[in-house]
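Undergrad:
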Amino acid sequence: MVRATARHLLVSSQEQCEVLKKLIEGGADFADIAREHSACPSGSQGGELGSFGPGMMVREFDEVVFSAPLHVVQGPVKTQFGYHLLEVTSRG
1 MVRATARHLL
11 VSSQEQCEVL
21 KKLIEGGADF
31 ADIAREHSAC
41 PSGSQGGELG
51 SFGPGMMVRE
61 FDEVVFSAPL
71 HVVQGPVKTQ
81 FGYHLLEVTS
91 RG
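No gaps in the numbering here: position 85 of the sequence shown is 85 in the working numbering, and each next residue is one more.
(1) For the putative contact between Thr89 and Ala6, defined by C-beta atoms under 8 Å, what is the C-beta separation to the nearest angstrom?
(2) Please give the ranges of any alpha helix (DSSP H) in the region 20-77, keeping only runs that are unbroken, at least 4 residues long and fully inside the region.
(3) Can you name the residues that DSSP bridges to Glu87?
(4) Between Gly55 and the rest of its own chain, which residues show a CB-CB distance below 8 Å, the 5 nearest in sequence each way excluded?
(5) Could you check whether Ser38 and Leu20 sit closer than 7 Å to each other, using their CB atoms as the reference points?
(6) CB Ala34 to CB Gly47, shorter than 7 Å?
(7) Can you tell me which residues form a DSSP beta bridge with Gly82?
(8) Could you tell me if Leu70 is buried or exposed, where buried requires 16 or more neighbouring beta carbons within 10 angstroms of its beta carbon?
Set out below in structure tokens:
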């Protein structure tokens with residue numbers, strides 16, 4: 001089975017998500033931004049989600065994680081939890 005590792009951050013608005021994405025694209029460290037701004041408990045680990053397979057995360061996550069290029073910040077991705085930025089760190 002294909003597995004992936006990824007990190008993410010979760011915020012309540014699309015606007016905030018877009019601002020944070022611009023900061024990261026401008027050179028800010030993803031992990032630092034996640035620690036400071038993410039509403040998800042994984043934020044304290046820089047947004048690290050560990051290893052998981054298809055179907056272990058919500059559908060919107062799976063669609064991005066199992067198709068996006070590695071090490072490119074994706075988002076905003078809207079789920080029932082809010083708005084996410086995602087970065088796939090490995091897949092195989």
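Note that CB positions come from ideal geometry on N, CA and C, so glycine has one too. Since the structure is predicted, the reported quantities are computational estimates derived from the model, not experimental observations.
TA: Judging by the given coordinates:
(1) 6 Å
(2) 30-37 and 59-65
(3) Arg7
(4) Asp62
(5) no
(6) yes
(7) Thr79
(8) exposed
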